[in-house]
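Chemist: Protein chains in written order, with this note's numbering: chain Y, 33 to 145; chain R, 233 to 344. A virtual CB, placed ideally from N, CA and C, is assigned to each residue, including glycine.
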């Protein structure tokens, strides 16, 4: 069985602060994929990143960065210099042998001016 | 290019009724998946179709069924609606299995 845990239910920061969203996963698959999605108030899930289990290199995309550590089964997401537009619910998800996504419960990020 | 489209946007049904939700994938995408998202939770997998064949089924009762058409669009059907079926139903498409999935705006179903 696959499981994704996002222990942080809600995080509040002030604009320009850095924030890290935690994600811990469980799977018995040797090949799997990890994802982050953003769900703004409009409700539509927006794809942010996909990593496969064989690629542990950290990735940076603008103000976003991801830290994948297989040893601790974690795939954390950091937003640098947060902005009000970053306010949303962020979901970490896992895809294993059947390619369907198992989502965590999400972390609501509130960025205030 | 158009993204994933879903219809209707909102729907209100009464307990015991039947509902059909529709999804059109991104052009060129052959895989469609359905998810149910209850308020305050992450999406839960219902079905996945690829090339018109069911490739996966989540832990949902037989009241839930789906199909994929030759043009890769898909329908999700729910019979004998219960209050607990009230949720946002999300459709996602991908070029093939194991690729990232792109989600539509969802259909908000309210069962009274």
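Measuring CB atoms only, is the stretch 54-67 of chain Y touching the stretch 99-107 of chain Y, in the sense that at least three cross pairs come out at less than 8 Å?
Modeler: yes
Chemist: Using the Cα positions of residue 98/Y and residue 281/R, report the straight-line distance between them to the nearest angstrom.
Modeler: 30 Å
Chemist: Would you mind telling me which residues of chain Y sit closer than 8 Å to residue 277/R, beta carbon to beta carbon, in chain order?
Modeler: Listed by position along chain Y, the residues whose Cβ is nearer than 8 Å to that of residue 277/R are 132, 133 and 134.
Chemist: Taking Cβ to Cβ, would you say residue 237/R is nearer than 8 Å to residue 263/R?
Modeler: no
Chemist: Going along chain R in order, which residues have a C-beta closer than 7 Å to the C-beta of residue 123/Y?
Modeler: 274
Chemist: Counting pairs of Cβ atoms below 8 Å between the stretch 241-252 of chain R and the stretch 283-293 of chain R, do you hit three or more?
Modeler: no
Chemist: Helix, strand or coil for residue 316/R, going by three-state DSSP, please let me know.
Modeler: helix
Chemist: Verify the CB distance criterion: does residue 304/R have a CB-CB separation below 8 Å to chain Y?
Modeler: no
Chemist: Pick from 332/R, 266/R, 259/R and 261/R: whose alpha carbon is nearest that of residue 339/R?
Modeler: 266/R
Chemist: Just the Cα atoms here: how many angstroms apart are residue 313/R and residue 73/Y?
Modeler: Cα-Cα distance, rounded: 27 Å.
Chemist: By the DSSP assignment, the beta strand (DSSP E) with residue 55/Y in it spans what residues?
Modeler: Per DSSP, residue 55/Y lies in no beta strand (DSSP E) and is assigned neither H nor E.
Chemist: Could you say if the stretch 118-128 of chain Y and the stretch 58-72 of chain Y meet the contact criterion of at least three C-beta pairs nearer than 8 Å?
Modeler: yes
Chemist: Kindly say whether residue 334/R, judged by its beta-carbon, lies nearer than 8 Å to any beta-carbon of chain Y.
Modeler: yes
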